[in-house]
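Have a look at the structure below before the remarks.
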Amino acid sequence: MSQYYLLLPEIVLLTLGILSFCYGFIKRVSLHTWALGFISITVSLIVALFSFTYEEFSTGLIRINIYTQILRLLIYLVGAFILALSYEEFKRGFKNLEEYIFLLTLAIFGMNIMIFANDLLLLYLSLETFSLSLYILAAFYRNDKLSIEAGTKYFILGTVSSIILLSSIVFFYAITGSTSYDSFKLIKTGQITSLLALVFLISAFAFKLSLAPFHAWSPDVYQGAPTPVTAFLSTASKVAVFSAVINIVLSFSSKETFKDFIVILSVLSMLVGNVLALRQNNLKRMLAYSSIAHAGYMFMALLLPENKIISTLIPYLIVYVFMNIGAFAFILSIREGEKIGSYHGVGRSSPLLALSILVIMFSLTGIPPTAGFIVKFNLFKDLFSVGYSGLVFFALLMSIFSAFYYLKVVFYVYKDVSALNDLPKSYLSQTISLMSAIFVLIMGIFPNMILNF
Amino acid sequence: MGIELILITLLFGAILAWIIKNRTTVFAIALCSSIVSLIIALFYYLSMERTIKNFQFYLSYEWISAWKVNFSIGFDHINAPFVLLTTFITVVAIALSIKVIKDKISSYIALILLLSFFVNAFFMSTNLLQFFFFYEAMLIPSVLLIQRWGGKNSYQAAIKFLIYTFSFSVFLFIAILATYFYGGGFDFESLANLRLNAQSKLLVLFGFILAFFVKIPIIPLHGWLRDTYYESPMPVTIFMSAVLGKMGIYGILRIIPYFGDIIPIISQWIIGLCLISFVYSAFLALSVKDIKVMLSYMSLSHVGIITAGVFTGNIQGYQGALLQSINHGILSAGLFYIAELLYRHTGSFDSEKFGALSKKIPALSFFTFALIMAMGGFPGLNYFNGELLLLSGIFRKNILLGFLSILGIAIGVIYLSSFLYRVFLRKPAGELSFYVKDVISWERFLLALFFLISIYFGLVPDFILSGVREIILFGGRG
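Here the protein sequences come in this chain order: F and R.
Mapping the first sequence onto the numbering used here, position 20 (from 1) lands on 53, and the numbers just tick up by one.
Mapping the second sequence onto the numbering used here, position 432 (from 1) lands on 431, and the numbers just tick up by one.
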């Protein structure tokens, strides 16, 4: 019975999601649908808060401990933010809102199951649950060529990665005779089958995390998809996949086999992400490359010893999520917000919004007193202590590159122009942007709150 | 209540100035908070115990328990003069801004006060992490100040400044990480017990030196200087030249005693580099006609010899560097102030277009002459003492290097006097001389203050140096 209790938030979410979908489908009143969707996510968030336990719990299929529960709360929070951001979007003429919200709910459900999965099959099922929802969500602007292209591209490449994941599961099954994470300890290194299984597993995850050289989909998908969906893609799905990766890495007894993979993938991602972002004038595209780079930084954390992985990666994920939500909220609060040219005069017409993007961009660069600096310092410090000083140096060099393109946005925002950009009054996205900026700033000044894991 | 009041006053002023939009009120707030912080800094400076070597008025709050770092501030005899300088220059910069800055005044003042807050917190910090934290945090307000209120190419200047400082702070980052792991903590004291061999210790030292040399800057790393100083609005230029450059010098002053065992290996080369920077930029200053560029290169030139003094490894050099950083901050602020006064009514920094001003604007001519005399090392004024200490330090180290520094000082006198001649004495007058007006009353008071400080520090260098009489340098050899 207790495992149902632990999964109560997800059960509530799914039930409420289906109910509100039926209601919305029958009534077709967008505001009601939106409100119901928001309520169902908030209720699940509250239920998840109340069912928070400090005990570890594990069955064959799921495993629950403190950090997975924190990530679950994070995903619910992201879901609530994304719905709030979508409200602005749908006011501008968004059709089929009930489907949109239902798909979003389903994706959140899938992600949460993925966080708890302790079995490769459950992992696969939950991954497909949220990926299929995301494919549709990415192509949600059915009249927009770019959006269709984004959805198709994401679908095709995503399917390939699913196949790779499946074959990896097959290999694991062939070696151990089980699909549970617990059987990873039985794997002997040196066999060709186990190597293949590992390579396939890492490539499948690298695809979902958009690590170079599996990153090719992400700029196009980020650009084409509706902006709230892009925000969702770049935050929640990364959180979910990263937590699955953490779970799997923690289940292995020795990490010697895939240390080299991790180094190569993270170095490539940092290089590709930071260098290709330099010449982007579309902020969504730029954030796609930036999220490739950040995934590279975070992926390095897997090189650390077990207790350090959680204590560095979880703060990084939390801060990363807030930075990206803030940046996308900024995009949504400006007309044609993707184009960097439309930021002229924002600093004058709405100083608070400009301040929030200032804080967020400096945080993405990793300059104190923002939380971006704290989490990066935390990660690099631990990496340095286990002897990866060369890697740390490379990562730092790459973060110098990032200063160019992040701060370009800030300079555009504060550039003086005679004709001011009259902003549409989208208070909701502006508030979300400001809230994330304040969060990032406070966590940067008082880092104790996020660093104690 | 203690020295954190300096920081609180500045931060509070910044927030208040950002909220209030009225121009007069904003300036009143800014002047109030900067003058109050100056008074507090002066009060604590004067009530410092001269005999205690450690941090005084030490305050510590729990900050990042996961890394075992506290937020701790304190005064000792090295950083207190710098805090005094920073708070003083903040007042000067804000006073100058009243005439110079025309638009977006409330965010401008907020950023200046925030910058001053970060820099003061940097000087006061007693551990390396906090030191690094504020070293980088300072970039945000300064970059915005350059970009938003600067000249035509302010975007390039700001990004250049940011990239130089940010990228070379990577070395500082690595050096601090190395200190944390091999020295056992983020405290300055852990630099003393680095468990490393001489070669790795040298690398750590180079990490610090590279980062600080960009900030000071020393010649091969000075690429950002001209554009940044030239494109910034004048109050920001004053702040950068007088205070931000000193951050690097302070950093070196702070870390150098801990590397006493390996400094003798490299000190010759580094002093040589600093003095080449000194002489080379003196030639640069000699070659330009633009007053602001000339003063920028002058500033670049003088920090060269100051840095050389730190590396001499004897007490004269160390004292001279400390004293001269403060003197240089005050005098270069004064000279930049005068350049702005010339610019205000003419809109030009071209020294060829002025001339024959000494009768027309006697007060300004007097102060310019006084400050230039001071800068040239006239006995009795402040620069003389510092130069004497620096020179004796360098001569004790190596006679050849001493001659190099004499050469730099001689060229310094030449470009300063030729500046004075071209702008104030030369006849016939240039086309812009007609428009120049004399200083008005309260600005005259400010210039007189520069002059008085110059005389006072010239007569009483002990005001700054009394605490560093017998500092233990390089294993007691100092």
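Even glycine gets a Cβ: it sits at the ideal position worked out from N, Cα and C.
{"query": "Residues that P401 (chain F) contacts on chain R, provided the C-beta gap is smaller than 7 Å", "result": "F132, E135, A136"}
{"query": "Per DSSP, the bridge partner or partners of N315 (chain F)", "result": "F:K372"}
{"query": "Three-state secondary structure (DSSP) of L440 (chain F)", "result": "helix"}
{"query": "Contacts of L474 (chain F) in chain R (Cβ-Cβ under 7 Å)", "result": "Those do not exist, as L474 (chain F) stays about 11 Å from chain R at its closest Cβ, beyond 7 Å."}
{"query": "Span separating the alpha-carbon of M468 (chain F) from that of K409 (chain F)", "result": "21 Å"}
{"query": "Length of the line joining the Cα atoms of I181 (chain F) and I134 (chain F)", "result": "19 Å"}
{"query": "Contact set between M418 (chain F) and chain R, taken where Cβ atoms lie within less than 9 Å", "result": "Reading off the sequence, residue 418 (chain F) comes out as Ser, not Met. Correct list: L176, Y179, F180."}
{"query": "Option nearest A174 (chain R) by Cα separation, candidates R:I88, R:L128, R:W17", "result": "R:L128"}
{"query": "Among R:L195, R:F368, R:Y414, nearest to L283 (chain R) - alpha-carbon criterion", "result": "R:Y414"}
{"query": "Boundaries of the beta strand (DSSP E) in which N69 (chain R) is found, first to last residue", "result": "68-74"}
{"query": "Y109 (chain F) beta carbon less than 9 Å from that of S77 (chain F)", "result": "yes"}
{"query": "Distance, Q315 (chain R) Cα to L370 (chain R) Cα", "result": "24 Å"}
{"query": "Partner residues on chain R for I433 (chain F), Cβ-Cβ distance less than 8 Å", "result": "I162, F165, S166, V169"}
{"query": "Beta-carbon proximity of I93 (chain R) to S33 (chain R), cut-off 9 Å", "result": "yes"}
{"query": "Outcome for A191 (chain R) when other beta-carbon atoms lying within 10 angstroms are tallied against a minimum of 16", "result": "exposed"}
{"query": "Length at least 4, wholly inside the region 214-277 of chain F: the alpha helix (DSSP H) runs in chain order", "result": "225-241, 250-257"}
{"query": "For G420 (chain F) and L451 (chain R), the rounded distance between their alpha carbons", "result": "55 Å"}
{"query": "Reference G374 (chain F), options F:F361, F:D415, F:K441, closest by Cα", "result": "F:K441"}
{"query": "Residue range of the unbroken alpha helix (DSSP H) whose run includes S432 (chain R)", "result": "Element bounds for S432 (chain R): n/a, residue is neither H nor E."}
{"query": "Contacting residues, own chain, Cβ-Cβ under 7 Å from Y120 (chain F) (five flanking each side not counted)", "result": "W67, L461"}
{"query": "Within 9 Å, strictly: CB atoms of A320 (chain R) and S404 (chain R)", "result": "no"}
{"query": "9 Å Cβ cutoff met for I237 (chain R) and Y336 (chain R)", "result": "yes"}
{"query": "Close-in-space but distant-in-sequence residues of the same chain around H344 (chain R) (CB under 7 Å, 5 per side omitted)", "result": "Y434, V435, K436"}
{"query": "Sequence-distant residues of the same chain with beta carbon closer than 6 Å to I463 (chain R), five excluded per side", "result": "P80, L322, I325"}
{"query": "Neighbourhood of L4 (chain R) by C-beta distance below 7 Å, restricted to the same chain and skipping five residues each side", "result": "I39"}
{"query": "Alpha-carbon to alpha-carbon, G378 (chain F) and L458 (chain R)", "result": "52 Å"}
{"query": "CB contact below 9 Å: K101 (chain R) versus chain F", "result": "no"}
{"query": "Partner residues on chain R for K414 (chain F), Cβ-Cβ distance less than 8 Å", "result": "W66, L176, Y179"}
{"query": "Closest Cα partner of L198 (chain F) within the set F:T162, F:A237, F:F332, F:I208", "result": "F:A237"}
{"query": "Element boundaries [beta strand (DSSP E), containing L58 (chain R)]", "result": "55-63"}
{"query": "Nonlocal neighbours in the same chain, by C-beta distance under 7 Å from G475 (chain R), ignoring five residues either side", "result": "At G475 (chain R), the pLDDT of 40 sits below 50, so the modelled position is not reliable; the number obtained from the coordinates is stated separately. Closer than 7 Å at the Cβ level, and outside the excluded window around G475 (chain R), lies no residue."}
{"query": "Integer-rounded CB distance, given that Q256 (chain F) should sit under 8 Å from L179 (chain F)", "result": "6 Å"}
{"query": "Distance CB(Y103 (chain F))-CB(E89 (chain F)) smaller than 9 Å", "result": "Reading the sequence as shown, one finds Ile at residue 103 (chain F) and not Tyr. No; because the gap between Cβ atoms is not below 9 Å, this pair is not in contact."}
{"query": "Status (buried if at least 16 other CB within 10 Å, exposed otherwise) for L161 (chain R)", "result": "buried"}
{"query": "Proximity test, Cβ basis, 9 Å: W62 (chain R) and chain F", "result": "yes"}
{"query": "Chain R contact for D177 (chain F) (CB, 9 Å cutoff)", "result": "no"}
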